[in-house]
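What follows is the structure, given as structure tokens:
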């Protein structure tokens, strides 16, 4: 079932419930009104009959064949007066003031309305009418006490055929039911049209979204200028456009990665091909050519390894939660890189403040800080300085890797974490860099819910700060 149809049915159901409640209240009043009229008529007949009987006896009563009538004295079982209709039709004389009684009408009473089976419904009332000293009769129809012998009181049972009212009530109920059914149909149709109008922005968004493919990632869902911030569909469009922005950015990064990787791999492969051609032409290989060939192979191997590492990190959404001692990692890396630092006269020192244990992935953290120290050693000046410092606070562990050297130009600080970005092509080629080291560091920090910052005094030094959660 479509959302549009569901909304239509919900609106129609709500409307039907409201119409049912309203119709029931109106119908109740309409059903009661005919009986109120009949009760008033019966009361008038009973009142006039008692006055006539009290003044002239039975001879003073004019028998109307429409009314069923019996008059009693309180405490007596024999009626003082019985109308012609009461003689022909026996109705129960209960203690209730008002009731509906059913009886079969004899064939000779054709003037009495009845159904096809000869049965009719009577509206029956009981009245207690009292004669006061002034000679005026007072209706005491709510009297509920015992009826002792009293010459000033009369008990009157009066009834009137309610068959026509019954038929009218049946017709009224059928009319209301038909009206409700018609209202339900009309309300459903109108609701369907309204729901279509309400859901029109969704259809437009759906149609536009289908056109957003890998070839048309720049397309966006248009926003309605006349819609405010409270418009849910406009908010949804803004959210989806944000998703598409991130998706386009991810696709572009992937394309750049492939293009840059292809470019980076092309250079060592070309050099390897030229060296191979020289070897084939000369029939032998010199030590110099062998070194060049080995260097290019090593460079390509590192590049492919870094690309694979970065790709796997991009796919990871979580890390292993094991206890890691960052001091142990940093000290081991310090020992590993001290040999390279000593060859160039670089001073490598470290200092720690507080407990360096945290929850994280040992291998990934080792790789990240290995990349940072590798960069620090490569790009430090001969006889330069490298300092590793770590400070623990209540919530974070802050690790800084400082090295002296040429530094990074201010315009390049925001780009150094991009894939394959290198500040100086010549120096990167000299040291075999690929521009992926800091991108890998940033991704590993993000996986640990941390962040990486870089500062540089151009021409003097570089400081890379890694902030990781302490828990």
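Numbering (this note's numbering), first residue to last: 6 to 476.
For glycine and all other residues, C-beta sits at the position ideal for the given N, C-alpha and C.
What you are looking at is a predicted structure, and each value in this text was computed from that prediction instead of being measured.
By the Cβ neighbour-count rule, residue 398 is exposed, with fewer than 16 other Cβ atoms within 10 Å of its own. DSSP, read as helix, strand or coil, puts residue 454 in coil. Where residue 355 is concerned, the enclosing beta strand (DSSP E) starts and stops at 352 to 358.
Collapsing the DSSP output to three states places residue 383 in a helix. Using a 10 angstroms sphere on the CB of residue 97, the tally of other CB atoms stays under 16, which defines it as exposed.
Under DSSP, residue 76 takes part in a beta bridge, and its partners are 86 and 161. For residue 158, the closest alpha carbon among the candidates 367, 240 and 77 is that of 77.
Taken through DSSP and simplified to helix, strand or coil, residue 166 comes out as strand. Counting the other Cβ atoms within 10 Å of the Cβ of residue 366 gives 16 or more, which makes it buried. Contact between the segment 172 to 183 and the segment 81 to 100 is absent: fewer than three C-beta pairs spanning the two stretches fall below 8 Å.
In the displayed model, residue 373 falls within a helix according to three-state DSSP.
As computed with DSSP, residue 348 is found in no beta bridge at all. Between residue 128 and residue 35, the C-beta gap is not smaller than 9 Å, which leaves the two residues out of contact.
In this structure, DSSP gives residue 469 an extended state, which the three-state scheme calls strand. Between the segment 185 to 192 and the segment 15 to 24 there are three or more inter-stretch CB-CB distances shorter than 8 Å, so the stretches are counted as touching. Distances from the alpha-carbon of residue 238 to those of 206, 213, 248 and 167 put 206 closest. Per DSSP, the unbroken beta strand (DSSP E) holding residue 408 starts and ends at 401 to 409. For residue 391, the enclosing beta strand (DSSP E) begins and ends at 390 to 397. Going by C-alpha positions, residue 246 is about 9 Å away from residue 224. Shown here, residue 132 sits in a strand according to DSSP, grouped into three states. Under DSSP, residue 422 shares a beta bridge with no residue. The residue from 403, 371, 353 and 165 with its alpha-carbon nearest to that of residue 476 is 403.
Taking a C-beta distance under 9 Å as the contact criterion, residue 131 and residue 161 qualify as a contact pair. Look at residue 275 here: in three-state DSSP terms it is helix. The residue among 474, 126 and 185 with its C-alpha nearest the C-alpha of residue 329 is 474. Just so you know, the alpha carbons of residue 16 and residue 27 end up roughly 17 Å apart. By the 16-neighbour rule on beta-carbons within 10 angstroms, residue 50 is buried. By the C-beta density criterion, residue 13 is buried, having at least 16 other C-beta atoms within 10 angstroms.
In its chain, beyond the 5 residues on either side, 273 and 277 have a beta carbon closer than 8 Å to the beta carbon of residue 302.
Looking at the backbone, the Cα of residue 405 and that of residue 348 are separated by about 23 Å. Checking the DSSP bridge columns, you'll see residue 193 has no partner listed. Beyond the five residues adjoining it in sequence on each side, residue 389 comes within less than 7 Å, by CB distance, of 351, 408, 409 and 410 in the same chain, given in chain order. The three-state reading of DSSP puts residue 361 in coil, since its state is none of H, G, I, E or B.
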